[in-house]
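Protein chains in written order, with my numbering: chain W, 1 to 469; chain A, 1001 to 1319.
This report refers to the structure that appears directly beneath it.
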């Protein structure tokens, strides 16, 4: 079964590269060169061609991807690459699963390789082109950032998993738009990280504040916090990734509560960022700034300042993936932390962003694909997905699909109990390139300093979007 | 007497050549070929390494400036489209202006301060070796590491603002790296702090060649301090001036580490230089073709400015 699949993949791969070669050669004709100068040129050209060929060998999905996949019975070592885990505890959550896999498959050793969080995407791209990428590695869904799998799949670097039934089974129906690329599967989701407001509940209690249900209440709470010499939110103005999280949370209620299919419309050019409720999102951020919701110096603050400020109780909340609360709870033993969702303009508009965005993909040029697929199949089993989600503080896909409320996030109960109505897909996974989200994050820094207006930021986002994949 | 010595020396030289010229032509050619072969033989590995490691990747990079490559997969030739997009302006224009502001400020400040420090620490000051070492120390530190320390200093609740508060200057407190009006001066301060020691050493080396007797003679002739500097010291250290200004101009125009670590080009592009834009376009936006074109433009700008500066300094030193 596996072997047949791979043969098809090889044929397809050959066609793809054959087509590429034709494209490259179009318009080029060979001429007989007889003069000494011409011969010299030809020699130089020949050397250059050899160099170019040598270099191009590192520049695309290579032929080894088409070799048949065989069951490996002897000792095998495969490598798994993930972003560095900073959550403390027992270390990288994959370690426990690697041990469990080794117990069932003694001949296969999985070596874990970590790369810095913000460099993981680029590291994988470089290694894939150089031909020394790990056998299996962390990717994100869609194509909206430089860790996304879609562009890697298009370039032929990822193993086609379409015919692996377990891969199709691991993708929830609600997330098909994030994983199916022209009816093919190239990555398997691992778990789900809700985008939340991470709160220091002791600070909220000290300020006498309860969970806000509307944005007006949030503004009022910001003023209360200011009067007490604290800030309600801390944002890292220099980190587009962080400011973008806040904007996406606001967009969940402003944009996606009214129109869950907004991104599909944007893809069809039926709407734009500038002409939509995304403008309200950015205007709300300006309102927060004017109300003193953010800490002093928010525009110049770095990501490294966020968690200390909430841990020390200088601010009430930061915007972060829900899993981060596990690290805070682990590191600040006497603290009191929880995750919540920033409310909508009206309470009923409040939505949670949660998508199974964390995923794994297999290197098409890996030397031990049989063992690697066996490992991925092991990880895709519901019990192992549950164990992984528990270890890294995220939500298990099985729990999300079944509507089970994650015990560690009690305040998210209203959303997980009605997932179809109250949970929306993380928007940037559906955007065509990483430039859109980067423009959003950078633009918010411009809003905080007063250098940019919401219209300017939205215009830049539209320009980036229209550049396409 | 002098003429005789020259004649003898010439004779010795001619005599010295005599045996070689008496060799048979074929043998001489053979040795010559051997010598030439030996020269090329030893030179080739270095040349090959230079071409493969330096020029070939640069040439390939330049080639991609004419494509729409996204860093992965297929690409197409797009001719001059990337350069046309650069010429359209927008963020690239801001980056170009910032590059010039930083580059020129950096050259001027490092050279003026470096020269003043070198003059001050040249001869008379006690413990000058210790002070020179302290001023030179930042040069040997990692620019990335020191930038992160400076980032901490410039933070909202960092040491600089705390110091201002402690001396009653709260009105001057600000988010130094998050304020568009202070971000460039803050970056320039960090760059100058790190490099002024290097320039000082270059000028100290130049000043070591200035004869104290010459300065004393000028002083006895009634030359003022400025006249002694202008007519005696400066002409003597002109080679150091040329080297220091050229290196600092190149370093200032291509600065990346400090800006990436301090601000990442922010706030909202206020400190983005060409090098930072190249990084963002290439590795964040995935526009390798555009990034390569921008890199080519930056290289050309640096070459033009460096050559212009060398010509200007050469003209001045002759004048």
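Even glycine gets a Cβ: it sits at the ideal position worked out from N, Cα and C.
Can you name, in chain order, every residue of its own chain whose Cβ lies under 8 Å from the Cβ of residue i, other than the five neighbours on each side?
i: residue 170 of chain W; result: 188, 189, 380, 385 and 397
i: residue 1269 of chain A; result: 1091, 1094 and 1095
i: residue 450 of chain W; result: none
i: residue 456 of chain W; result: 443 and 446
i: residue 154 of chain W; result: 181 and 469
i: residue 329 of chain W; result: 335 and 337
What are the start and end residues of the alpha helix (DSSP H) that includes residue i?
i: residue 470 of chain W; result: Given that chain W is displayed from residue 1 to residue 469, the structure contains no residue 470 of chain W and the question cannot be resolved.
i: residue 1243 of chain A; result: 1238 to 1253
i: residue 101 of chain W; result: 94 to 104
i: residue 1129 of chain A; result: 1128 to 1140
i: residue 191 of chain W; result: Not the alpha helix (DSSP H): residue 191 of chain W falls in the beta strand (DSSP E), residues 187 to 191.
i: residue 526 of chain W; result: Outside the shown range of chain W, which is 1 to 469, sits residue 526 of chain W, and nothing can be said about it.
i: residue 434 of chain W; result: 434 to 449
i: residue 1163 of chain A; result: 1159 to 1166
i: residue 310 of chain W; result: 306 to 311
i: residue 1107 of chain A; result: 1091 to 1120
i: residue 1150 of chain A; result: 1143 to 1154
i: residue 420 of chain W; result: 419 to 422
i: residue 124 of chain W; result: 120 to 130
i: residue 461 of chain W; result: 454 to 466
Can you name the start and end residues of the beta strand (DSSP E) that residue i belongs to?
i: residue 109 of chain W; result: 108 to 115
i: residue 1268 of chain A; result: It is not in any beta strand (DSSP E) - residue 1268 of chain A carries neither H nor E in the DSSP assignment.
i: residue 78 of chain W; result: 76 to 83
i: residue 1064 of chain A; result: Note, residue 1064 of chain A: premise wrong, no beta strand (DSSP E); alpha helix (DSSP H) at 1056 to 1064.
i: residue 319 of chain W; result: 315 to 321
Keeping to the same chain, check which residues put their C-beta closer than 6 Å to that of residue i; ignore five residues upstream and five downstream.
i: residue 1083 of chain A; result: 1293
i: residue 1206 of chain A; result: 1237 and 1240
i: residue 218 of chain W; result: 212
i: residue 220 of chain W; result: none
i: residue 1139 of chain A; result: 1197 and 1198
i: residue 363 of chain W; result: 133 and 135
Taking 7 Å as the limit between beta carbons, can you name the residues of its chain near residue i, skipping five residues before and five after?
i: residue 122 of chain W; result: 146
i: residue 142 of chain W; result: 148, 150, 178, 429 and 430
i: residue 260 of chain W; result: 424
i: residue 1147 of chain A; result: 1190, 1257, 1258, 1261 and 1262
i: residue 120 of chain W; result: 83, 138 and 147
What's the call for residue i, buried or exposed, on a 16-neighbour Cβ count within 10 Å?
i: residue 1120 of chain A; result: exposed
i: residue 74 of chain W; result: exposed
i: residue 1155 of chain A; result: buried
i: residue 53 of chain W; result: Confidence at residue 53 of chain W is low in this model, with a pLDDT of 33, below 50, so its placement is unreliable and the value that follows should be read with caution. It is exposed - the Cβ of residue 53 of chain W has fewer than 16 other Cβ atoms within 10 Å.
i: residue 1279 of chain A; result: buried
i: residue 290 of chain W; result: exposed
i: residue 458 of chain W; result: buried
i: residue 108 of chain W; result: buried
i: residue 485 of chain W; result: For residue 485 of chain W there is no data in the structure shown, the boundaries of chain W being 1 and 469.
i: residue 334 of chain W; result: exposed
i: residue 1227 of chain A; result: exposed
i: residue 1076 of chain A; result: exposed
i: residue 25 of chain W; result: Any answer about residue 25 of chain W is weak, because its pLDDT of 30 lies below 50 and its placement is not dependable; what the coordinates show is given next. Exposed, since its Cβ has fewer than 16 Cβ neighbours within 10 Å.
i: residue 1123 of chain A; result: exposed
i: residue 294 of chain W; result: buried
i: residue 1039 of chain A; result: exposed
i: residue 284 of chain W; result: buried
i: residue 1304 of chain A; result: exposed
i: residue 195 of chain W; result: buried
Is residue i near the ligand MN, in the sense that its beta carbon is under 6 Å from a heavy atom of that ligand?
i: residue 104 of chain W; result: Absence of the ligand MN is noted for the structure shown, with no ligands found whatsoever.
**Q.** Any beta strand (DSSP E) of 3 or more consecutive residues that is wholly inside the stretch 329 to 391 of chain W
**A.** 337 to 340 and 358 to 362
Quiz item: Quick one: any contact between the stretch 308 to 318 of chain W and the stretch 192 to 208 of chain W, if contact means 3 or more CB pairs under 8 Å?
Solution: yes
(Q) So, does the stretch 193 to 200 of chain W touch the stretch 327 to 343 of chain W, judging by three or more C-beta pairs under 8 Å? (A) yes
| said: Under 8 Å: do the stretch 1294 to 1302 of chain A and the stretch 1173 to 1192 of chain A share three or more Cβ pairs, one atom per stretch? | reply: no
Quiz item: Does the stretch 221 to 234 of chain W touch the stretch 1252 to 1259 of chain A, meaning 3 or more C-beta pairs lie closer than 8 Å?
Solution: As far as the Cβ criterion goes, the stretch 1252 to 1259 of chain A does not touch the stretch 221 to 234 of chain W, which means the pair count is below three.
Decide if the stretch 1215 to 1226 of chain A is in contact with the stretch 1103 to 1114 of chain A; the criterion is three or more beta carbon pairs, one per stretch, under 8 Å apart.
no
**Message:** Between the stretch 1124 to 1142 of chain A and the stretch 251 to 271 of chain W, can you find at least three pairs of beta-carbon atoms closer than 8 Å?
**Reply:** no
(request) Within the stretch 221 to 301 of chain W, note down every full alpha helix (DSSP H) run reaching 4 residues or more, in order along the chain. (result) 240 to 251, 262 to 267 and 278 to 290
**Item:** In chain order, each beta strand (DSSP E) run of at least 3 residues that lies wholly inside the stretch 137 to 216 of chain W
**Value:** 187 to 191 and 195 to 200
- Task: Mind the definition here: the stretch 297 to 308 of chain W touches the stretch 160 to 170 of chain W only if three or more C-beta pairs lie below 8 Å; say whether that holds.
- Result: no
- Query: Where are the alpha helix (DSSP H) runs, 4 residues long or more, that stay fully inside the stretch 1184 to 1218 of chain A, in chain order?
  - Reply: Fully enclosed alpha helix (DSSP H) runs of 4 or longer: not present.
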